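S.K.:
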Amino acid sequence: MEPAETPLVGRGHELAVLSAFVTAPEGRALVLRGEAGVGKSALVDHAARLAARASHVLVRATGVEAESELPFAGLHQCLYPLLDRTVRLEPRQHAALDVVFGRGKGEPPSVMSLGIAVLDLLSLAAAERPLTLLIDDGQWLDDASAEVCGFVARRLAAVPVKMLVALRDEVRSAFDHARLADLQVTALSEEDAGRLLELRHPRLDERVRRTVLDHARGNPLALQELPPYVAAPKPAGDLLAVPGVPLPRRLQQLYGTRIERLAPAVRAELLRGALDGAAAGRRRGRLHATRYRMRDVEPAVASGLLDVDTATGDVVFRHPLVRSAVIQLATPDQRRAAHAELSRVHRADPERHAGHLAASVVDPDEAVAAALEAAADSATRRGGAAAAVAWLTRAAELSERPADRSRRLGDAAYLAGQAALLDEAQQLLHRSAPEPGTAGSLAAVLTSAHADFVQAGAVRPAFQRLAAAIERWSDGVAQTGGGTLARAADALVTMAHYAGDPALWQRAERILDSLGDRLHPLTALYRDASAVARSGAGLRVRLEQAFAAEAHLAPWDLARLGVCASHVDVLSQYRTQLQRAVEREREAGAVSSVMTMLRMLMLDQMYSGDWQEAERTGHQALELSTAHGHVLLAYHTRAVLGQLAARQGRLGVARELQSAVDAWARPRGVGLLTQITEAIATGVALTEGDFEAAYLYAIGMTPPGSFDRHAHQIAPRALLELVEAALYSGRRDQARRHALAACEAGLPEASPRLALSAYGALAMTADDLAEATAMYARVEAHPAAGDFPFELARIRLAYGSTLRRLKEPRAARQALVPATEAFDRLGCAAWADRARAELRFAGGSQAPSAPDVAALTWQERRIAELAATGLTNKEIGERTRLSPRTVSSHLYRVFPKLGITSRAALRDALSNHAGKG
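In numbering that gives the first Met the number 0, the protein residues as written are 0 to 916.
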């Protein structure tokens, strides 16, 4: 027989909201907020009864503070009853859940991909009858779980799933930024408080009744717990007599008086349960194994400190304040002994084992420090760089040797810098006091140099300090901290790249060469890609090999590989990996690496013609860089936004950004950014048709015919701009010299975009029509020609103009028509007008050309035909075994080939071709 339901006094509004929430036909999410003891759990219980009566599938989870730093512990609790259904998910989604729950191996999924997997799992579970997920004490859910739950909650409208989350007001939670509907649960009115008190404690003495009402202030938990205390004789130090003590603290003290009456063995058992999160019930799984189950605690149940979970039979704490009271009443020695016992219980779980082990010792212990260092490495690779800083800091405190202590603090400081915790990084440096010649000393220099570099743009001073440290200590560091040496070498390459100073580059290369076999292969790859002229050949193969080991890469390694891929214009192949890393690291991971990855994604979107998306990505990078005080990266992002604005024809915006970046970068000697400002100005002048000004700006990046890998960082990427400016300003010899130098520097072998630019430049500057036609044919035949629509359209315009002047109007039109259409699609009004003018002179029509269906690959044709039937990208992906993003990428290439701009035009374009056939 079901126990009688306790009425909820004074909650008419809340009950009505919950009733509408549970019975609504569509999926919904709702957050209950209020102070401790205000009755949120009672409302969650009421929602559970409503859902049960409506025959919903009911899933309950409760957050506990002991697991708030264990990634995905809360999510496992939420989904544990449903995990048998994961076999019905798509393989990729099944694998994502296996990875985060420790049942499989692989790269941790992003919040988005994991959220989609969770949403699909909930949808499967709700296929036959609605599902209600109830999360109590959600403020204690680990951030990773809360972010995924928030992602899912915002997308429940289309599935019959309800999610109710109860949060305590005074505790920060990742749910705070989830933008979910909420219901504030406030204290009861005076009248309702009196009714509840009469219901729970009838026949109270009036003095006691008045005292309870005054001190409870409408808090239901206080109304239930205070009467026995108020009616009893008062001990010294009456907890109600002290003014200014918050009500939850008073209740915690009240529970403490009951705990003190228990036998030592019972209290020890309660302490182990409290420190291991026993209050949230039972869970299984290799990752975060079953919580500690308290035994022989009947006296605690009898005293009202514990309840029995009717679903599992486990004993659980009656309220989180009871658990807090148990921990606070224990002595330090008692807590350490409990943690030692729990570390043995969780020996198979590295992170949980290390956490309890670290809390069980006071004196230095190298074995414990090593366990913590391993836990930090695990947390970093799971997207928890901020948590890893805490692990490493504690590992340093427990290190037995000063060298290990300073090394670990240096690593923690570096990681804090990568997580954009620059103030914390500096504090850790001050604590490290490293011995000269150790990994700790190099880590200290690296962290301080990195801070000066990104915060103040002090490129040269930062480079000089770091270079001197590597030269002085590399031998000793290689023996005690190879990871520190690799990170320092990477930073040295970055600083040399930004400086754009031949002397600094040459010193950096001498230092890297001196390291010999100690130079990490990724650092060598990063160095070669940063100076792509004369070093670009073979980089793409090396990149493929490096990305193949993605699961073993730290976030900053992945960011540097993204930079390399961008330099050789193949980032589109790895866009998914970078996007996953951005989603994973953005909140509590390596935020500094996220800024770099976002800028690389923006460049890839800009070169591929996805300009609106590039602008959105750029503003995300700018907002993140600015918020975390990474001034250098913020100005770099502004510079790229300026390049984009020049392409878009937003010349006023481009000029403003160019001026702001130049005013900041030039006095600081940030050569890379000053060269980009020259590129912005060149692009603006070319758009306006001011070719003389364009040439003067272009030679500020590099003299014609020069691709000095040390001095002119931006020169390869601005090859086409300088050739166009020289050619159109009447300097054909300089244009020709630059085109030939590009080929001599190996640019066609370095990247597909540079190959198009080099062949296009040769076609533009050819001495005779035969050579021009041959080079132009190489452009059109290049498999990546369509991946760079702006560059391709400009080459077609230049070639068509040449043919028109040579009295070849028919051939000219064949190049000018697609150029005009491409400029129109991109929104380049000035360039489109120029192409139209050439087209008119060539006797052509301004009407768009017929769809070129024959230009589609077999895969593109198949995807286009499926999309024309109205299928979504996801549905197309299921039929073709491609990801939705890959489908989207194919369609993006299909549209310009067919001369259309939307899916709606696909059917007509394909039908017209079929009719002609």
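All C-beta atoms in this analysis are idealised placements derived from N, C-alpha and C, irrespective of residue type, glycine included.
This structure is a prediction, so every number in the text was calculated from the model and none was measured.
Is residue 879 helix, strand or coil by DSSP?
M.R.: Taking the sequence shown and counting its residues from 1, the one referred to as residue 879 is at position 880. Residue state, collapsed to three classes: helix.
S.K.: Given 8 Å as the limit, is there contact between the stretch 161-175 and the stretch 135-146, that is, 3 or more CB pairs closer than that?
M.R.: Yes, the stretch 161-175 touches the stretch 135-146.
S.K.: What's the C-alpha gap between residue 448 and residue 465?
M.R.: Along the sequence shown, one-based indexing puts residue 448 at 449. Along the sequence shown, one-based indexing puts residue 465 at 466. Approximately 7 Å, taken between the alpha carbons.
S.K.: Is the stretch 118-137 close to the stretch 76-83, with three or more CB pairs under 8 Å?
M.R.: Enough Cβ pairs lie closer than 8 Å, so yes.
S.K.: Within 10 Å of its beta-carbon, does residue 67 have 16 or more other beta-carbons around it, so buried, or fewer, so exposed?
M.R.: The residue labelled residue 67 in the question sits at position 68 within the sequence shown. Buried.
S.K.: For a test of the three-state rule: what should DSSP assign to residue 712, helix, strand or coil?
M.R.: Within the sequence shown, the letter at position 713 stands for residue 712. The answer is coil: DSSP assigns residue 712 none of H, G, I, E or B.
S.K.: Residue range of the alpha helix (DSSP H) that residue 115 falls in?
M.R.: The residue given as residue 115 occupies position 116 in the sequence shown. It spans 110-124 - the alpha helix (DSSP H) in which residue 115 sits, taken as one unbroken run.
S.K.: Apply the 10 Å Cβ neighbour rule to residue 543 and answer buried if 16 or more other Cβ atoms are within range, or exposed otherwise.
M.R.: Sequence index remark: in the sequence shown, residue 543 carries index 544 (1-based). The residue in question, residue 543, is exposed, as its Cβ has fewer than 16 Cβ neighbours within 10 Å.
S.K.: Could you tell me which residues DSSP puts in a beta bridge with residue 161?
M.R.: One-based indexing of the sequence shown puts residue 161 at position 162. In the DSSP output, where bridge partners are listed per residue, residue 161 has 27 and 131.
S.K.: Leaving out the 5 sequence neighbours to the left and right, which residues in its chain are closer than 6 Å to residue 623 when beta-carbon positions are compared?
M.R.: Along the sequence shown, read from residue 1 onward, the residue named residue 623 stands at position 624. Excluding residues within five positions, the ones whose Cβ falls inside 6 Å are 594.
S.K.: Give the secondary structure of residue 240 by DSSP, where H, G and I count as helix, E and B as strand, and everything else as coil.
M.R.: Start at 1 with the first residue of the sequence shown, and residue 240 comes out as number 241. Because residue 240 sits at a pLDDT of 47, beneath the cut-off of 50, its placement in the model cannot be relied upon, and the following sentence gives the value as read from the coordinates. Residue state, collapsed to three classes: coil.
S.K.: Tell me the residue span of the beta strand (DSSP E) that contains residue 314.
M.R.: Numbered from its first residue, the sequence shown carries residue 314 at position 315. Run containing residue 314: 314-316, per the beta strand (DSSP E) assignment.
S.K.: From residue 397 to residue 71, what distance separates their C-alpha atoms?
M.R.: Against the sequence shown, residue 397 aligns to sequence position 398. Against the sequence shown, residue 71 aligns to sequence position 72. Approximately 27 Å between the Cα atoms of the pair.
S.K.: Can you tell me whether residue 871 is buried or exposed? The criterion is at least 16 other CB atoms within 10 Å of its CB, across all chains shown.
M.R.: By 1-based counting over the sequence shown, the position of residue 871 is 872. Exposed, by the Cβ-count rule.
S.K.: Assign residue 287 to buried or exposed, taking buried as 16 or more other Cβ atoms, counted over all protein chains shown, within 10 Å of its Cβ.
M.R.: In the sequence shown, counting from the first residue as 1, residue 287 sits at position 288. Confidence in residue 287 is poor, its pLDDT being 40 and thus under 50, which makes the residue's placement unreliable; the coordinate value appears in the next sentence. Buried, by the Cβ-count rule.
S.K.: Alpha carbon to alpha carbon, how far is residue 780 from residue 801?
M.R.: Within the sequence shown, the letter at position 781 stands for residue 780. Within the sequence shown, the letter at position 802 stands for residue 801. Cα-Cα distance, rounded: 19 Å.
S.K.: What are the boundary residues of the beta strand (DSSP E) that includes residue 58?
M.R.: Position 59 of the sequence shown, counted from the start, is the residue given in the question as residue 58. From DSSP, the beta strand (DSSP E) with residue 58 extends over 56-61.
S.K.: Can you say whether residue 325 is buried or exposed, counting buried as having 16 or more other CB atoms within 10 angstroms of its CB?
M.R.: Numbered from 1 along the sequence shown, position 326 holds the residue referred to as residue 325. The residue is buried, with at least 16 neighbouring Cβ atoms inside 10 Å.
S.K.: Are residue 58 and residue 132 closer than 8 Å when you measure CB to CB?
M.R.: To locate residue 58, count along the sequence shown from 1; it is residue 59. To locate residue 132, count along the sequence shown from 1; it is residue 133. Yes, the Cβ-Cβ distance between residue 58 and residue 132 is below 8 Å.
S.K.: Thinking residue 638 and residue 675 are a contact (beta carbons under 8 Å), I'd like their distance in whole angstroms, please.
M.R.: On the sequence shown, position 639 is the one that residue 638 refers to. On the sequence shown, position 676 is the one that residue 675 refers to. Yes, residue 638 and residue 675 are in contact; Cβ-Cβ is about 4 Å, under 8 Å.
S.K.: Considering only C-alpha positions, which residue in the set 353, 402, 520 and 401 is nearest to residue 389?
M.R.: As a working mapping, residue 389 is identified with position 390 in the sequence shown. Relative to residue 389, the option among 353, 402, 520 and 401 whose CA is nearest is 353.
S.K.: Assign residue 167 to one of three DSSP states: helix, strand, or coil.
M.R.: Along the sequence shown, read from residue 1 onward, the residue named residue 167 stands at position 168. In the structure shown, residue 167 sits in a strand (DSSP, three-state: E or B).
S.K.: Looking at residue 590: is its Cβ nearer than 8 Å to the Cβ of residue 584?
M.R.: For the purposes of this step, residue 590 is identified with residue 591 of the sequence shown, where counting begins at 1. For the purposes of this step, residue 584 is identified with residue 585 of the sequence shown, where counting begins at 1. Taking 8 Å as the cut-off, the Cβ atoms of residue 590 and residue 584 count as close.
S.K.: Leaving out five residues on either side along the sequence, give the residues of the same chain with a beta carbon under 8 Å from the beta carbon of residue 848.
M.R.: The residue you call residue 848 lines up with position 849 of the sequence shown. Bear in mind that a pLDDT of 48 at residue 848, under 50, signals an unreliable position, so the number given afterwards is only what the model happens to contain. Counting only Cβ-Cβ distances below 8 Å, and skipping sequence neighbours, we find 816, 817, 820 and 898.
S.K.: With distances taken from CA atoms, which of 263, 523, 629 and 357 is nearest residue 418?
M.R.: Residue numbering aside, residue 418 sits at position 419 when the sequence shown is read from its first letter. Residue 629 is the option with its Cα nearest to residue 418.
S.K.: Could you check where the beta strand (DSSP E) with residue 307 kicks off and where it finishes?
M.R.: Along the sequence shown, one-based indexing puts residue 307 at 308. Residues 305-307.
S.K.: For the stretch 568-580 and the stretch 398-413, state whether three or more C-beta atom pairs, one from each stretch, are separated by less than 8 Å.
M.R.: no
S.K.: How should residue 479 be labelled, buried or exposed, when 16 other C-beta atoms within 10 angstroms of its C-beta is the threshold for buried?
M.R.: In the sequence shown, residue 479 corresponds to position 480, counting from 1. The predicted position of residue 479 is uncertain, since its pLDDT is 47 and thus under 50; no value can be drawn from it.
S.K.: Secondary structure at residue 518, three-state DSSP: helix, strand or coil?
M.R.: Taking the first residue of the sequence shown as 1, we reach residue 518 at position 519. Coil.
S.K.: Below 8 Å, can you find three or more Cβ-Cβ pairs linking the stretch 560-571 to the stretch 603-621?
M.R.: yes
S.K.: Measuring alpha carbon to alpha carbon, tell me which residue in 691, 696, 88 and 686 is nearest residue 678.
M.R.: Taking the sequence shown and counting its residues from 1, one reaches residue 678 at position 679. Taking only the C-alpha atoms, the option nearest residue 678 is 696.
S.K.: Have a look at residue 323 and residue 186 and give me their C-alpha separation to the nearest angstrom.
M.R.: The residue labelled residue 323 in the question sits at position 324 within the sequence shown. The residue labelled residue 186 in the question sits at position 187 within the sequence shown. The alpha-carbon atoms of residue 323 and residue 186 are separated by roughly 22 Å.
S.K.: Closest by CA to residue 743, which one among 250, 732, 699 and 704?
M.R.: Taking the sequence shown and counting its residues from 1, one reaches residue 743 at position 744. Nearest of 250, 732, 699 and 704 to residue 743, Cα basis: 704.
S.K.: For residue 946, collect the residues of the same chain with a Cβ closer than 6 Å to its Cβ; drop the 5 residues on either side in sequence, then sort them by chain order.
M.R.: Outside the displayed span of the chain (0 to 916) sits residue 946, for which this structure offers no information.
S.K.: Which of helix, strand or coil does DSSP assign to residue 32?
M.R.: Counted from its first residue, the sequence shown places residue 32 at position 33. Note: residue 32 maps to strand in three-state DSSP.
S.K.: Distance, Cα to Cα, residue 734 vs residue 726?
M.R.: Translated into the one-based positions of the sequence shown, residue 734 becomes position 735. Translated into the one-based positions of the sequence shown, residue 726 becomes position 727. Cα-Cα distance, rounded: 6 Å.
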